[in-house]
Amino acid sequence: MAQVTAGSTVHDVVIIGSGAGGGTVTKVLADLGIRVLLMEAGPMVTMDDFKNLASPLNDWHRGAGDAATLYTTNTGAAFAQPSVVFPPNAVDEPYTVAPGSQFRWSRSRCIGGRTNHYSRVQLRYSDYDFKNKSMKGVGFDWPIGYADLAPYYDKAERLVGVTGRPEGLRTAPDGIFQTPAAFKPHEHLIYRSCEKLGIKATSARQAVITSAMNGREACVYCGQCGRGCHGKSNYASSYVQIFPAMETGRVTVLANAMARELVTDASGKVTAVSYIDKTTGQERQVRCRTVVLAAAAPESARLLLNSKSPRYPHGIGNSGGNVGKYLTDTVGFGLSATVPYMRGTPPFTSAGYGSHIYIPWWVTDHSKLDFPLGYHVECGGGGFAVPGLGFAGAAYGQSEGYGLPLKKAIRDSYGMGTNVSLTGRGSCVPNEDSYAEIDPAGTKDKWGIPVLRFHWKWSDHELNQARHMRDSFTAILEGMGGVVNAAARGGGPGGRGVADAAGAAGAAAGQPNGGIPGVAAGGPGARGGAAAPGATAAGTPGAAGGPIGTPGVPGALGAGAASTAQTPPAQAADDRPQLGAGGGIIHEVGCVRMGTSADNSVVNSFCRVHDVPNVFSADGGPFASHADKNPTHTIIALAWRTAEYLAEELRKGNV
Amino acid sequence: MSDITRRQALSHLAAAFAATAAIDYVFAQEAHAFVQQTAARGPYTPTALSPQQFRTLERLTDLIIPVENGKPGAVQASVPAWIDSLLNVNIELKAKYVAGLAWLDTASKAAGATDFATATPAQQTALLDQIAFKKNASAALDPGIEFFVLARRMTVDGFYTSELGVRDILPQGRPPMPKFIVPQESVDYVISRSPFK
Chain X
1 MAQVTAGSTV HDVVIIGSGA GGGTVTKVLA DLGIRVLLME AGPMVTMDDF KNLASPLNDW
61 HRGAGDAATL YTTNTGAAFA QPSVVFPPNA VDEPYTVAPG SQFRWSRSRC IGGRTNHYSR
121 VQLRYSDYDF KNKSMKGVGF DWPIGYADLA PYYDKAERLV GVTGRPEGLR TAPDGIFQTP
181 AAFKPHEHLI YRSCEKLGIK ATSARQAVIT SAMNGREACV YCGQCGRGCH GKSNYASSYV
241 QIFPAMETGR VTVLANAMAR ELVTDASGKV TAVSYIDKTT GQERQVRCRT VVLAAAAPES
301 ARLLLNSKSP RYPHGIGNSG GNVGKYLTDT VGFGLSATVP YMRGTPPFTS AGYGSHIYIP
361 WWVTDHSKLD FPLGYHVECG GGGFAVPGLG FAGAAYGQSE GYGLPLKKAI RDSYGMGTNV
421 SLTGRGSCVP NEDSYAEIDP AGTKDKWGIP VLRFHWKWSD HELNQARHMR DSFTAILEGM
481 GGVVNAAARG GGPGGRGVAD AAGAAGAAAG QPNGGIPGVA AGGPGARGGA AAPGATAAGT
541 PGAAGGPIGT PGVPGALGAG AASTAQTPPA QAADDRPQLG AGGGIIHEVG CVRMGTSADN
601 SVVNSFCRVH DVPNVFSADG GPFASHADKN PTHTIIALAW RTAEYLAEEL RKGNV
Chain C
1 MSDITRRQAL SHLAAAFAAT AAIDYVFAQE AHAFVQQTAA RGPYTPTALS PQQFRTLERL
61 TDLIIPVENG KPGAVQASVP AWIDSLLNVN IELKAKYVAG LAWLDTASKA AGATDFATAT
121 PAQQTALLDQ IAFKKNASAA LDPGIEFFVL ARRMTVDGFY TSELGVRDIL PQGRPPMPKF
181 IVPQESVDYV ISRSPFK
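As given, the protein sequences belong to chains X and C, one line each in that order.
Reminder that position 435 of the first sequence reads as 435 in the working numbering, one-by-one numbering, no gaps.
Reminder that position 74 of the second sequence reads as 74 in the working numbering, one-by-one numbering, no gaps.
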């Protein structure tokens, strides 16, 4: 692309990263008539990459493999994998984890990033989520509040589409909702069990449209959201924002471009972005008037930290030493139960869009609790998965035989009908011990770019909260007559399996409710075929090879490898669940935090870097604190607000 | 499927459907139409197996997943053809089938039949009653048991991933749905057994 070599066009806006934040900025600016250049470290995708309606019948071998190896070496085709996950090669693009810490970083490098396959839980932050310090006494206040973002949540919902039922709960602000799908049988049980306990459950708030809009088709309830949606019925920044924005002619996409650093001039402003063209390995530059960081919070922090110059010896935006600080994720804990009387439920096509119910946080007075911030619950279970190869193995493995008794055994065992799972997603209080830095050991990626080293520590706030999750989930599950599955030694990472491919993982279906077994179809809490007992429904989809970069650096602890070297987060006699690695829930935000000055933060209330005013942040980086709510909705709303502000500043000539 | 088998399948289904309960009527119609479409495409010509071996495979899969109460079985769902096409791309797998099918013939001859495919149903089921259960393991039966485990796995896989077979357990299949519908009977079934009834 000739126009992006150094010395050519000066782009008004260069956006680095194409997920929820980058996609939103791209769309908003293009619609406002501004030309942008969108850089993405992975490849372009097309609608053909989204295979949500795939079935075993799509392939003549139905998943056995082109050489039918499923039946000789047990290696089938990759059908069960999400179709749109592009994890970086962990050897080429490593990261490291400090001794004593556990951290997993899930990345997906492609247009749309992780929005192509995420679980689509789309929740507004509550008023107190922006004011944790003043209202809850912990963490930090954002310099903005709910009222500042409310109009942008509205805009996001009109574009994205979010299912839900208005409930008037302070812990779960209502939005402009798509009509939600009906509860499934086990969801009626969850609803009623919660009701008995004085807990209000409600329809899941998912980034899925149940009525056609904006050229997108209404959901057809196939349960494979994790593959992206060929009908564009759920949200992904690729087909909801970037592809439509490209049609304006004002968007240039620069794929396979790995940003190395921001280049500044004598005045201290950023004038270009240096990047590696991954297809050739050559370093190039693209010139810009402004740059928007949207590479995902830690990746954006890495870019700032690597942008060193005599003027900015510690990196851009880092005069106060705040870049990389106060990294947060989400507290995850899952519990499942067997509900024996659900066996024999008359089968129906149960996939839907994953879970159709969720439980908002129900306590407003924390004075009797030993933790300051709440959680919500995503639910899985029940369901009748469309059979894939091997689905009936348990049935004939146990009953043996043949003929009509075999058919009956398969019919009787069909479905995941007796399993119900609850997955907690809790707010994490920012702490001094959880942060990212440039690896002091000097580890570099394939192109010589210094990599991040992560530090992670859960505090009593999170561990106490997880204990409350275990107690409340036990009450809900036992209240419906369920027998809680053992092995709940903490639920690990709260439900995303160890090999979570970008959450991707998956999704689905395993959905708990009805996708194809082993296929991660999207859906909250619905990943993976069979969740381990006690673990949540949100297990990973069994997709192999998550985007977890285990560095091949001797002595460096990779995310996956860190478990053995972990410092136990609690005493031996501690009855609290152990929590999984930081980053395990794939909600990592912070590191490029919003605040009132360069002393306490990196960006201001409009996500503009204090020190370098032509640099903006539009991913999860600016989050000063992290609610229990999944971050995507707030990333979109915040990026939308930032983009409008940037457009106005460009118009005024202020950048 | 071979000509003979197709005619057998059609007559078999027709007979089965005649005795079908009303609830299966629509499904039976679809199944019948599907079999007719398959027939219209012409007979399946085995590519990996010989015609004799294929007939043996058809009979075996028919015994593993038979027609039942108007619902088609493995042969109607073209499972033998699917297996044959897999054998065609995997020499190791093909060798297992060639040996396993030959073992069935040898065992059938020992029981007084010409081969497995033409043995009487009683002779066929007597043999399967031995090799379909691991408790019968013995030096003499082990090759048959090992083959049967493989053949059963692939027959079940092929059947329940087929358009016809999936409906045996999920009557509606997985059609795109304009509206998500949960049958009231499914909700009632669960609620009526719960503490919330």
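Ideal Cβ positions, reconstructed from N, Cα and C, are used throughout, including at glycine.
Subject >> C-alpha gap between Ala139(C) and Arg114(X), whole angstroms >> reply: Here residue 139(C) refers to the residue found at position 139 of the second sequence. Here residue 114(X) refers to the residue found at position 114 of the first sequence. Approximately 55 Å between the Cα atoms of the pair.
Subject >> Nearest-angstrom Cα separation, counted from Tyr125(X) out to Thr280(X) >> reply: Along the first sequence, read from residue 1 onward, the residue named residue 280(X) stands at position 280. Along the first sequence, read from residue 1 onward, the residue named residue 125(X) stands at position 125. Using only the alpha carbons, I get a separation of about 43 Å.
Original post:
For the beta strand (DSSP E) that Asn419(X) lies in, which residues bound it at each end?
Top reply: As a working mapping, residue 419(X) is identified with position 419 in the first sequence. Per DSSP, Asn419(X) belongs to the beta strand (DSSP E) from 419 to 426.
Original post:
Where DSSP assigns a beta bridge to Phe103(X), which residues make up the other side?
Top reply: What you label residue 103(X) is simply residue 103 of the first sequence in a count that begins at 1. Per DSSP, Gly582(X).
Original post:
Taking Arg302(X) as the reference, which of Tyr95(X), Lys196(X), Ile176(X) has the closest Cα?
Top reply: The sequence position of residue 302(X) within the first sequence is 302, counting from 1. The shortest Cα separation from Arg302(X) among Tyr95(X), Lys196(X), Ile176(X) belongs to Tyr95(X).
Original post:
By Cβ distance below 8 Å, which residues in the same chain neighbour Arg165(X) in space, the five residues on each side in sequence not counted?
Top reply: Stepping through the first sequence from its first residue, residue 165(X) is reached at position 165. Result list for Arg165(X): Phe177, Pro180, Thr202, Ser203, in chain order.
Original post:
Is Asn234(X) helix, strand or coil when you go by DSSP?
Top reply: Counting from one through the first sequence, the residue named residue 234(X) turns up at place 234. DSSP places Asn234(X) in strand when its eight states are reduced to three.
Original post:
Which residues in the same chain have their Cβ closer than 6 Å to the Cβ of Leu304(X), if we skip the five residues on either side of it in sequence?
Top reply: Indexing the first sequence from 1 puts residue 304(X) at position 304. So the qualifying residues of the chain are Gly315, Ile316, Gly317, Val323.
**OP:** For chain C, find out if any of its Cβ atoms is closer than 9 Å to the Cβ of Glu400(X); answer yes or no.
**Re:** Residue numbering aside, residue 400(X) sits at position 400 when the first sequence is read from its first letter. True, the Cβ-Cβ gap to chain C drops below 9 Å.
Subject >> Own chain partners of Val166(C) with C-beta closer than 7 Å, once the 5 adjacent residues on each side are dropped >> reply: Within the second sequence, the letter at position 166 stands for residue 166(C). Around Val166(C): Tyr160, Gly173.
**OP:** Could you tell me how far apart the beta carbons of Gly228(X) and Asp48(X) are, in whole angstroms, since I believe they sit closer than 8 Å?
**Re:** By one-based count along the first sequence, residue 228(X) stands at place 228. By one-based count along the first sequence, residue 48(X) stands at place 48. At roughly 10 Å, the Cβ-Cβ gap does not stay under 8 Å, so Gly228(X) and Asp48(X) are not in contact.
Original post:
Can you find a CB in chain X that lies within less than 9 Å of the CB of Tyr160(C)?
Top reply: The residue given as residue 160(C) occupies position 160 in the second sequence. Answer yes: the Cβ-Cβ gap between Tyr160(C) and chain X drops below 9 Å somewhere.
Original post:
Checking contacts by CB at 9 Å: is Pro176(C) closer than that to chain X?
Top reply: On the second sequence, position 176 is the one that residue 176(C) refers to. Chain X contact via Cβ: present.
**OP:** Give the straight-line distance between the Cα atoms of Gly558(X) and Pro66(C), rounded to the nearest whole angstrom.
**Re:** Indexing the first sequence from 1 puts residue 558(X) at position 558. Indexing the second sequence from 1 puts residue 66(C) at position 66. Residue confidence is low: Gly558(X) scores 29 on pLDDT, short of 50, so the model does not pin down where it sits. No coordinate-derived value is stated.
Original post:
Of all the CB atoms in chain X, is at least one closer than 9 Å to the CB of Tyr189(C)?
Top reply: Working through the second sequence from its first residue, we reach residue 189(C) at position 189. Tyr189(C) counts as touching chain X.
Subject >> Residue interval of the beta strand (DSSP E) (run including Ala194(X)) >> reply: Counted from its first residue, the first sequence places residue 194(X) at position 194. One point to set straight first is that residue 194(X) is Cys, not Ala, in the sequence displayed. Not the beta strand (DSSP E): Cys194(X) falls in the alpha helix (DSSP H), residues 185 to 196.
Subject >> Beta bridge counterpart(s) of Arg453(X) as assigned by DSSP >> reply: Position 453 of the first sequence holds residue 453(X). Bridge partners of Arg453(X): Thr96(X), Glu437(X).
Subject >> Three-state secondary structure assigned by DSSP to Phe606(X) >> reply: Locating residue 606(X) in the first sequence gives position 606, where the first residue counts as 1. Note: Phe606(X) maps to coil in three-state DSSP.
Original post:
With C-beta atoms as the reference, is His468(X) less than 9 Å away from Tyr375(X)?
Top reply: To locate residue 468(X), count along the first sequence from 1; it is residue 468. To locate residue 375(X), count along the first sequence from 1; it is residue 375. A contact, by the Cβ cut-off of 9 Å.
Subject >> Close-in-space but distant-in-sequence residues of the same chain around Gly137(X) (CB under 7 Å, 5 per side omitted) >> reply: In the first sequence, residue 137(X) corresponds to position 137, counting from 1. Excluding positions up to five away in sequence, the list reads Pro372.
Original post:
Taking just the CA atoms, how far does Gly144(C) sit from Ser107(C)?
Top reply: As a first step, residue 107(C) must be located in the second sequence, where it is residue number 107. As a first step, residue 144(C) must be located in the second sequence, where it is residue number 144. Looking at the sequence itself, residue 107(C) is Ala, so the reference to Ser does not match. One C-alpha to the other measures close to 9 Å.
Original post:
Should Lys407(X) go down as buried or exposed, given a rule of 16 or more other Cβ atoms within 10 Å for buried?
Top reply: Working through the first sequence from its first residue, we reach residue 407(X) at position 407. It is buried - the Cβ of Lys407(X) has at least 16 other Cβ atoms within 10 Å.
Original post:
Would DSSP call Glu261(X) helix, strand or coil?
Top reply: Taking the first sequence and counting its residues from 1, the one referred to as residue 261(X) is at position 261. Strand.
**OP:** With a threshold of 16 other CB atoms inside 10 Å of the CB of Val14(X), please say whether the residue is buried or exposed.
**Re:** By one-based count along the first sequence, residue 14(X) stands at place 14. Result: buried.
**OP:** List the residues of chain X whose Cβ lies closer than 8 Å to the Cβ of Gln76(C), in chain order.
**Re:** As a working mapping, residue 76(C) is identified with position 76 in the second sequence. Within 8 Å Cβ-Cβ: nothing; Gln76(C) doesn't reach chain X, min ~13 Å.
Original post:
Taking all protein chains shown into account, do 16 or more other C-beta atoms lie within 10 angstroms of the C-beta of Arg311(X), making it buried, or fewer, making it exposed?
Top reply: What you label residue 311(X) is simply residue 311 of the first sequence in a count that begins at 1. The residue in question, Arg311(X), is exposed, as its Cβ has fewer than 16 Cβ neighbours within 10 Å.
Original post:
Are Phe623(X) and Thr634(X) close, meaning C-beta to C-beta below 9 Å?
Top reply: In the first sequence, residue 623(X) corresponds to position 623, counting from 1. In the first sequence, residue 634(X) corresponds to position 634, counting from 1. Yes, they are a contact pair.
**OP:** Could you pull out every residue in the same chain whose Cβ sits closer than 6 Å to the Cβ of Leu57(C), ignoring the five residues on either side in sequence?
**Re:** To locate residue 57(C), count along the second sequence from 1; it is residue 57. Around Leu57(C): Pro80.
**OP:** May I ask you to report which of helix, strand or coil DSSP gives His468(X)?
**Re:** Here residue 468(X) refers to the residue found at position 468 of the first sequence. DSSP places His468(X) in helix when its eight states are reduced to three.
Original post:
Quick one: what does DSSP say Ile316(X) is sitting in, helix, strand or coil?
Top reply: Numbered from 1 along the first sequence, position 316 holds the residue referred to as residue 316(X). The answer is coil: DSSP assigns Ile316(X) none of H, G, I, E or B.
Subject >> Inter-residue Cα distance where the pair is Phe103(X) and Cys428(X) >> reply: In the first sequence, the residue the question calls residue 103(X) occupies position 103. In the first sequence, the residue the question calls residue 428(X) occupies position 428. The straight-line gap from Cα to Cα measures roughly 15 Å.
Subject >> Gly63(X) vs Pro56(X) beta-carbon contact at 9 Å >> reply: The residue labelled residue 63(X) in the question sits at position 63 within the first sequence. The residue labelled residue 56(X) in the question sits at position 56 within the first sequence. A contact, by the Cβ cut-off of 9 Å.
Original post:
Shorter than 9 Å from the beta carbon of Phe125(C) to some beta carbon of chain X?
Top reply: Along the second sequence, read from residue 1 onward, the residue named residue 125(C) stands at position 125. Before going further, note that residue 125(C) is Thr rather than Phe in the sequence given. It does; some Cβ of chain X falls within 9 Å.
Original post:
Does the separation of the CB atoms of Ser238(X) and Gly112(X) fall below 9 Å?
Top reply: As a position in the first sequence, residue 238(X) is number 238, starting the count at 1. As a position in the first sequence, residue 112(X) is number 112, starting the count at 1. The answer is yes: Cβ separation under 9 Å.
Subject >> Whole-number beta carbon distance between Ala466(X) and Arg608(X), since they are thought to touch under 8 Å >> reply: Residue numbering aside, residue 608(X) sits at position 608 when the first sequence is read from its first letter. Residue numbering aside, residue 466(X) sits at position 466 when the first sequence is read from its first letter. 36 Å between Cβ atoms; not a contact.
Subject >> Contacts that Glu68(C) makes with chain X (C-beta to C-beta distance below 8 Å) >> reply: As a first step, residue 68(C) is located in the second sequence; it is residue number 68 there, counting from the start. Near Glu68(C) (Cβ distances below 8 Å), the residues of chain X are Leu404, Lys407.
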